[in-house]
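Okay, structure first, notes after.
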Amino acid sequence: MFGVFLGLLYAATGSLLLPVVVHIALDVRELLFTPRGRRHAATG
């Protein structure tokens, strides 16, 4: 669904810059605000 949203954003604005900025902002937000338990979960 996220790709559809970015595609619609591109179609609406005609510019690839805004969808790229939105994608970067959401990726950075996810990296910075990942719950502590997921980041430090034990493996194996």
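For the sequence shown, our numbering gives the first residue as 112, with consecutive numbering after it.
Built from N, CA and C at the ideal position, the CB exists for glycine as well.
Taking a 10 Å sphere around the C-beta of P146, we find fewer than 16 other C-beta atoms and assign the residue as exposed. No residue range can be given for L127, since it is assigned to no alpha helix (DSSP H) and is classified by DSSP as neither H nor E. Secondary structure at F116: helix, using DSSP grouped into helix, strand and coil.
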